Amino acid sequence: MKAGETAENYKLLVELGMGGRIIQDSEQYYRDYSHFYQVVKQTGVHWLVLDDQEYTSSDGNTWTASQKRDADWLEKTLERNAETRAAIKDVSCSTEMLGDKSFNTYMYTQETTAPVAAVSVVTLWVDPETSLPQQRHMKTLTGGQEIEATTRYEWLDTVELPSP
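So that you can map any letter, position 71 of the sequence shown is 71 in my numbering, and since no number is skipped, the others follow by simple counting.
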């Protein structure tokens, strides 16, 4: 699934957990794959990416240019994404209810070597009417640690990003 690479105007609500507790909540707003904004609730850090320029902010209003990405960052990211998709194995499909709606569910395992070696078990709930993801749960084992991430998708008409 290439939702992040081709989709526009969506919001991700991400909970990252370790040891059975949530360690990070974030909201991420994507106009497209190279124009997005993220705020981490626990730290208050705001992060904005506009093409190859990254910005940070402590309040979401005053921005500092923090890093210029390599000109080919997007192409390299898409290559890594393709490699990750190629590593998907043990796929099973079913249907499952989220709330009062039935979703197509895909469960699979993926192994990665970069940026770190990891094995993840992923469950993805996809709306059968729109073919858009609704939720993803990923349990990853890396470096002897287990990390869980739950991502909820909200599909929007437009996304307005902050202006630095």
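Built from N, CA and C at the ideal position, the CB exists for glycine as well. Since the structure is predicted, the reported quantities are computational estimates derived from the model, not experimental observations.
Of the residues the options, the one placed nearest residue i, counting alpha carbons only
{"i": "threonine 112", "options": "Thr105, Ile88 and Ser163", "result": "Ile88"}
{"i": "glutamine 42", "options": "Ser163, Val14, Asn104 and Ile147", "result": "Val14"}
{"i": "glutamate 165", "options": "Arg31, Glu27 and Asp25", "result": "The structure shown does not extend to residue 165, since the chain spans only 1 to 164, so no value can be given for it."}
{"i": "threonine 56", "options": "Ala117, Tyr37, Ile147 and Pro115", "result": "Tyr37"}
{"i": "alanine 86", "options": "Val45, Thr158, Ala71 and Thr109", "result": "Thr109"}
{"i": "serine 94", "options": "Leu124, Gln24 and Gly17", "result": "Leu124"}
{"i": "lysine 101", "options": "Thr130, Asp90, Met107 and Val116", "result": "Thr130"}
{"i": "aspartate 51", "options": "Glu96, Asp157, Ala71 and Leu98", "result": "Ala71"}
Residue i versus residue j - alpha carbon distance
{"i": "glycine 143", "j": "valine 119", "result": "10 Å"}
{"i": "methionine 138", "j": "glutamate 83", "result": "18 Å"}
{"i": "glycine 20", "j": "tryptophan 47", "result": "27 Å"}
{"i": "glutamine 53", "j": "leucine 74", "result": "12 Å"}
{"i": "lysine 76", "j": "serine 34", "result": "12 Å"}
{"i": "leucine 12", "j": "leucine 78", "result": "19 Å"}
{"i": "proline 162", "j": "tyrosine 153", "result": "20 Å"}
{"i": "proline 164", "j": "glutamate 27", "result": "18 Å"}
{"i": "threonine 150", "j": "threonine 62", "result": "30 Å"}
{"i": "valine 40", "j": "valine 49", "result": "15 Å"}
{"i": "serine 66", "j": "arginine 136", "result": "30 Å"}
{"i": "glycine 17", "j": "aspartate 25", "result": "9 Å"}
{"i": "aspartate 90", "j": "valine 116", "result": "21 Å"}
{"i": "threonine 105", "j": "threonine 64", "result": "41 Å"}
{"i": "threonine 158", "j": "threonine 6", "result": "15 Å"}
{"i": "glutamate 160", "j": "tyrosine 29", "result": "8 Å"}
{"i": "leucine 98", "j": "glycine 60", "result": "33 Å"}
Start-to-end residues for the beta strand (DSSP E) that takes in residue i
{"i": "glutamate 15", "result": "10-18"}
{"i": "glutamine 145", "result": "145-155"}
{"i": "threonine 112", "result": "101-112"}
Buried or exposed by the 16-neighbour rule on C-beta atoms within 10 Å, applied to residue i
{"i": "serine 92", "result": "exposed"}
{"i": "proline 128", "result": "exposed"}
{"i": "lysine 2", "result": "Note that lysine 2 has pLDDT 46, beneath the 50 cutoff, so the model's placement of it is unreliable and the number below is only indicative. Result: exposed."}
{"i": "glutamine 145", "result": "exposed"}
{"i": "glutamine 134", "result": "buried"}
{"i": "leucine 141", "result": "exposed"}
{"i": "tyrosine 10", "result": "buried"}
Rounded distance between the beta-carbons of residue j and residue i, thought under 8 Å
{"i": "valine 122", "j": "phenylalanine 103", "result": "Not quite, the Cβ-Cβ distance comes to about 14 Å (not below 8 Å), so this is no contact."}
{"i": "alanine 114", "j": "arginine 69", "result": "So it is not a contact: roughly 17 Å between Cβ atoms."}
Bounding residues of the alpha helix (DSSP H) (the contiguous stretch that carries residue i)
{"i": "glutamate 83", "result": "73-86"}
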